[in-house]
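Undergrad: Per the UniProt record's numbering, residue 1 is the first one in the sequence shown, and the count goes up by one each step.
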Amino acid sequence: MEKRIKLERRARKANQITELNLDNCRSASIVGLTDEYTALESLSLINVGLTTLKGFPKLPNLKKLELSDNRISNGLNYLTTSPKLQYLNLSGNKIKDLETLKPLEEFQKLAVLDLFNNDATQVENYREKIFKMLPSLTFLDGFDCNDEEVQSDGEDDEEGNDSDEAMSPPKKSHGAKKPDNNVVLQAIKSCIIDENAIRKSAREHGINDRTLSRYVKKTKDNFEDISKFKDEDLLEFIHGVGTRTPSNMVFSPAQEKDLVRYILKYVSHYYGLSINELKELAYQFARKLSIRYPPEWDNDCKAHRKWYRLFMQRHSELTLRTPEQTEMNRVKAFCKPNVDNFFENLSRLIDVHNFDGCSIYNMNESGFSTVPTKIGKVIALKGQLEAAERGTMVTLALTVCANGNTVPPFFLFPKKKMERTFLDNVSPGIAGFANDSGWMGQPEFVRYIRHFIKFVKPSKDRPVLLLMDNHVSHMSVEALDFADANGVHILSFPPHCSHRLQPLDVSVLGPMKTYYESQCSAWQNNNANKVLEIRHIAGLVCNALDFVLTPKIIKAGFAATGIVPFNPDIFTDADFVQTIAQNEEQVAFDAGITKDDQRRIVLNNTLDIGHGKEVLTSEISTPQSLSLMSLVTSSSSVLDEIDPLQVAVLKKPSNRERRPMQSAENRFVLKEKTAAKGAKKRATPGNTKHATPSRAAKRFKPTSPPSDEETDFCIICLKLLPQKLTAANSINCNVCKRPVHFKCSNMQASYFTCKSCESDVDDDDGE
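(1) Kindly list the residues whose CB is nearer than 7 Å to the CB of residue 810, restricted to its own chain and excluding five residues on each side of it in sequence; keep chain order.
(2) Following the continuous beta strand (DSSP E) through Asn21, name the residue where it begins and the one where it ends.
(3) For a test of the three-state rule: what should DSSP assign to Leu721, helix, strand or coil?
(4) I'd like to check one pair, Ala402 with Ile198: are the Cβ atoms closer than 8 Å?
(5) Which stretch, first to last residue, makes up the alpha helix (DSSP H) that contains Met512?
(6) Out of Val400, Met249, Ser190 and Thr561, point me to the one whose CA is closest to Asn362's CA.
(7) Among residues of its own chain, excluding the 5 on either side of Asn117, which ones have a beta-carbon nearer than 7 Å to its beta-carbon?
(8) Near Leu725, which residues of its chain fall below 7 Å by C-beta distance, leaving aside the five closest residues on each side in sequence?
(9) How would you call Gln86, buried or exposed, if buried means at least 16 neighbouring beta carbons within 10 angstroms?
(10) For Asn161, collect the residues of the same chain with a Cβ closer than 6 Å to its Cβ; drop the 5 residues on either side in sequence, then sort them by chain order.
(11) I need the boundaries of the alpha helix (DSSP H) containing Lys3, first residue and last residue.
(12) May I ask you to report which of helix, strand or coil DSSP gives Thr726?
(13) Can you list, in chain order, the stretches of the alpha helix (DSSP H) that have 4 or more residues and sit fully within the stretch 74-161?
(14) List in chain order: all unbroken alpha helix (DSSP H) runs of 4+ residues lying wholly within the stretch 274-345.
(15) Taking just the CA atoms, how far does Ile534 sit from Asp484?
(16) Helix, strand or coil: how does DSSP classify Arg451 here?
(17) Can you find the residues in the same chain that come closer than 7 Å, C-beta to C-beta, to Leu540, ignoring five residues on each side of it along the sequence?
(18) So Pro414 is in the beta strand (DSSP E); what residue range does that whole segment cover?
(19) Kindly indicate which residue of Leu509, Ala559, Asn526 and Asn529 has the alpha-carbon position closest to the one of residue 843.
(20) Which one or two residues does DSSP pair with Thr399 in a beta bridge?
(21) Near Glu105, what residues of its chain come up, given a Cβ to Cβ distance below 8 Å and the 5 sequence neighbours on each side ignored?
(22) Which term fits Ser756, buried or exposed, when burial requires 16 or more other beta carbons within 10 angstroms of its beta carbon?
(23) What are the uninterrupted segments assigned as beta strand (DSSP E) that are 3 or more residues long and contained completely in the stretch 33-60, given in chain order?
(24) If Ser459 sits next to Asn425, beta carbons under 8 Å apart, how far is it from one beta carbon to the other, in whole angstroms?
(25) Can you have a look at Ile360 and say buried or exposed, based on whether 16 or more other CB atoms are within 10 angstroms of its CB?
(26) Specify the secondary structure class of Glu758 as computed by DSSP and reduced to three states.
(27) Along the beta strand (DSSP E) that carries Lys64, what are the first and last residues, could you check?
(28) Using 8 Å as the threshold, is the C-beta distance between Glu37 and Ala11 below it?
(29) When you compare each of Val472, Asp575 and Asn21 to Leu45 by their alpha carbons, which one comes out closest?
(30) Quick check on this structure: which residue in Glu419, Ala434, Pro428 and Ile490 has the alpha carbon closest to the alpha carbon of Ile449?
(31) Measure the C-alpha to C-alpha separation of Lys63 and Glu19 and round it to an integer number of angstroms.
(32) Since Asp436 contacts Lys417 with CB under 8 Å, what's their CB separation in whole angstroms?
(33) Rounded to whole angstroms, what's the CA-CA distance from Phe482 to Leu318? Just pull it up for me.
(34) What whole-angstrom Cβ distance do Leu465 and Trp439 have, given they're in contact under 8 Å?
(35) For Val394 versus Phe452, is the C-beta distance shorter than 8 Å?
(36) Could you please give the first and the last residue of the uninterrupted alpha helix (DSSP H) stretch that includes His205?
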């Protein structure tokens, strides 16, 4: 730095120097600059590498000081020896908080301050606090207190003709020529990619340094790495930023980015926005931000068609699609607590019985019709409706192993008697049975369990794990007892979660349906004038299975669901709709939310956008003149407020859903229900004709509130007990004999003791 100072002096005395440029002379501290420079008015130390201002000389006439692109983090009190300072540029330094700027309060004439690209600019209400701290300040980061952008008259600065004019605050440029977007793009790349100083890049490309600083700031806010984007995309962005209110853009690029993010959020939550809903959301968004929009929007309270068309053109990643039909129970039931509970049970079974890929099986049922589900278009008379045949459905119970092997399929035919022709052209080992409906029932499931054990050959010493859904047909005491006696452990998936957790649903059954339809089409082409009957279905299904049941596809299904290899974190928070809610279960219980309350909120009812409503200052401070950083924050909060997506809530937990299928409690309940049904059937007389009784006049008993003696409460949940207490719905404490709900007892043994009696027993033991 000392050598550079000697070169700049050019044999002049120190007290004769009025301007000194020491840019890019590397030094961590100020060296060679002394108090002798009493006439110095402008000092530039850009990109020097300063880490401290210690040793800054006393310069009584200094008015302009450039300290940008250094590593200064504190020590601004060393500048107070220059009381006439009017212009201070600290952009690109390491100033982290506003306390570091406190020494600047002593400058009574400081009019221009630049803190761009410092961490302190991220402080909440940063601009308001700086203007309040420095009353003499006129411009901060290139904008005045009203967020009006100004441009300096660069010619005076470069020529140095008038020092007083050079020290004055920047002037507004009326009618200034707008720089070419291609030149601006090259200057932005020079600053961001090549890491050159903003002032240096501005001089090289002939752009005002304030203008370039604004472009660089907004580019960094919207692009993490501009080297990954095409020049065409960047030029489109620069065009949008350079225009105050583009003719085809109501929102800024950052605000439109927030809109795109919310649209994709709805899609991930199974709530895609229609065109009208998007236009209504855009209208409310513009009203809430108090930005200028076409007056025609007020006629229908939504954006017009032209805005939607141009918006879709600017965001090519969006398109208009027809959504697939999805059952809402599946969307709501697939939540993190249910999935975590399933993997917890699975992990416990794997640890206890040492299950591996060769001993974990998955069974699922699917229907196959004599008429394929996907029917192509047919040629017919114009205006005439062609009806498709419904066909007959045959049920297939398919079982696969995590190591890629399979168990021979199990068919159920909708006939009273099983015929041998039903299993023509099938592989060896395939079993088939018939019943009236062709659906899996409890008796048929017992037969399936026997079929499964016949080929898998499990035992108590070599147990296996069978994963399947918890349909009522699988809840058979006989089947569970038989499976337990032969070393088959059954674990059910949470209700309505099989589309994400069941390997067969994930990787096998979808392609299998497609192959089956192609087999049906091939059969019909090869058998003209013949009807496809149920005796042909098993053979066609087996042909389709030959294409689908490969070890690669089966293993992929187990891996995608996190079962084998075991991965309980296979699903992220983005996969769950319920992650948008906080404390979902508690909210649902406290508010008593029902299914009807979980409907989607209509956009028009979410927000009162009356003209008399005031917008919160934390969301928006001034219309359209906000900096990009504040716009990004406020637009996100505003979209959260007018979000038309209702928070999803969990259902009340059910012990039936969380209970292991082969637990002692579950079997006890099933046996009680079976016995009750049998007793009811035996008590019903058969084929007994009774005379039809004559109708008597209705008598109404006076209603009176039940007394405390007649009403009994569950001492756990404090809700009313059923009027008729049975072993299936209640259980008594073995000490005080008070009844409680069976599902509230959460029995871990063959008897139940309430918490009150347990505490009494513990006190007695302590004594």
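Ideal Cβ placement from N, Cα and C applies to all residues, glycine included.
TA: The short version:
(1) With the chain represented from 1 up to 767, any question about residue 810 goes unanswered, as that position is not in the structure.
(2) Taking the sequence shown and counting its residues from 1, one reaches residue 21 at position 21. Where Asn21 is concerned, the enclosing beta strand (DSSP E) stretches over Glu19 to Asn21.
(3) Indexing the sequence shown from 1 puts residue 721 at position 721. If DSSP states are grouped into helix, strand and coil, Leu721 belongs with coil.
(4) Translated into the one-based positions of the sequence shown, residue 198 becomes position 198. Translated into the one-based positions of the sequence shown, residue 402 becomes position 402. No. Outside cutoff.
(5) Position 512 of the sequence shown, counted from the first residue, corresponds to residue 512. Met512 -> alpha helix (DSSP H) spans Leu509 to Asn526.
(6) Residue mapping note: residue 362 aligns to position 362 of the sequence shown, counting from 1. Closest option to Asn362, Cα to Cα, is Val400.
(7) If you number the sequence shown from 1, residue 117 lands on position 117. The residues are Ser91 and Gly92.
(8) Here residue 725 refers to the residue found at position 725 of the sequence shown. Result list for Leu725: Pro739, in chain order.
(9) The sequence position of residue 86 within the sequence shown is 86, counting from 1. So Gln86 ends up on the buried side.
(10) Counted from its first residue, the sequence shown places residue 161 at position 161. Confidence at Asn161 is low in this model, with a pLDDT of 43, below 50, so the placement of that residue should be treated as unreliable; the coordinate-derived value is given next. So the list is empty, once near-sequence residues are dropped.
(11) For the purposes of this step, residue 3 is identified with residue 3 of the sequence shown, where counting begins at 1. From DSSP, the alpha helix (DSSP H) with Lys3 extends over Glu2 to Arg9.
(12) For this step, residue 726 is matched to residue 726 along the sequence shown. Three-state DSSP puts Thr726 in coil, outside helix and strand.
(13) 126-133 and 154-159
(14) 275-289, 297-300, 305-314 and 328-333
(15) In the sequence shown, the residue the question calls residue 484 occupies position 484. In the sequence shown, the residue the question calls residue 534 occupies position 534. C-alpha separation (whole angstroms): 35 Å.
(16) Mapped onto the sequence shown, residue 451 falls at position 451. The sequence as given places His at residue 451; Arg does not occur at that position. In this structure, His451 counts as helix in the three-state DSSP scheme.
(17) As a working mapping, residue 540 is identified with position 540 in the sequence shown. Here the set comprises Tyr516, Gln519, Cys520 and Trp523.
(18) Position 414 of the sequence shown, counted from the first residue, corresponds to residue 414. Taken as a continuous stretch (DSSP letters only), the beta strand (DSSP E) holding Pro414 covers Thr406 to Pro414.
(19) Outside the shown range of the chain, which is 1 to 767, sits residue 843, and nothing can be said about it.
(20) Counting from one through the sequence shown, the residue named residue 399 turns up at place 399. For Thr399, which the question treats as bridged, DSSP gives the partners Met363 and Val407.
(21) Residue 105 sits at position 105 when you count from the first residue of the sequence shown. For Glu105, where only same-chain residues beyond five positions count, the Cβ hits under 8 Å are Met133 and Leu134.
(22) In the sequence shown, residue 756 corresponds to position 756, counting from 1. So Ser756 counts as exposed.
(23) 42-44
(24) Here residue 459 is taken as the residue at index 459 of the sequence shown, counted from 1. Here residue 425 is taken as the residue at index 425 of the sequence shown, counted from 1. Wrong, their Cβ atoms sit about 34 Å apart, outside the cutoff.
(25) For the purposes of this step, residue 360 is taken as the residue at position 360 of the sequence shown. Buried: at least 16 other Cβ atoms inside 10 Å.
(26) Position 758 of the sequence shown, counted from the start, is the residue given in the question as residue 758. Three-state DSSP puts Glu758 in a helix.
(27) Position 64 of the sequence shown, counted from the first residue, corresponds to residue 64. That run of the beta strand (DSSP E) goes Lys64 to Glu66.
(28) Taking the first residue of the sequence shown as position 1, residue 37 is located at position 37. Taking the first residue of the sequence shown as position 1, residue 11 is located at position 11. Looking at the sequence provided, one finds Tyr at residue 37 rather than Glu. Contact flag unset, no.
(29) Along the sequence shown, one-based indexing puts residue 45 at 45. The candidate whose alpha carbon is nearest that of Leu45 is Asn21.
(30) Counting from one through the sequence shown, the residue named residue 449 turns up at place 449. Taking only the C-alpha atoms, the option nearest Ile449 is Ile490.
(31) As a first step, residue 63 must be located in the sequence shown, where it is residue number 63. As a first step, residue 19 must be located in the sequence shown, where it is residue number 19. Each residue's alpha carbon lies about 10 Å from the other.
(32) Numbered from 1 along the sequence shown, position 436 holds the residue referred to as residue 436. Numbered from 1 along the sequence shown, position 417 holds the residue referred to as residue 417. Contact doesn't hold; Cβ gap of about 11 Å is too wide.
(33) Here residue 482 refers to the residue found at position 482 of the sequence shown. Here residue 318 refers to the residue found at position 318 of the sequence shown. Rounded to whole angstroms, Phe482 to Leu318 spans 54 Å at the Cα level.
(34) Taking the sequence shown and counting its residues from 1, the one referred to as residue 465 is at position 465. Taking the sequence shown and counting its residues from 1, the one referred to as residue 439 is at position 439. That pair is no contact at about 25 Å.
(35) Within the sequence shown, numbered from 1, the residue matching residue 394 stands at position 394. Within the sequence shown, numbered from 1, the residue matching residue 452 stands at position 452. Contact flag unset, no.
(36) Sequence index remark: in the sequence shown, residue 205 carries index 205 (1-based). Ile198 to His205 is the span of the alpha helix (DSSP H), which, as asked, contains His205.
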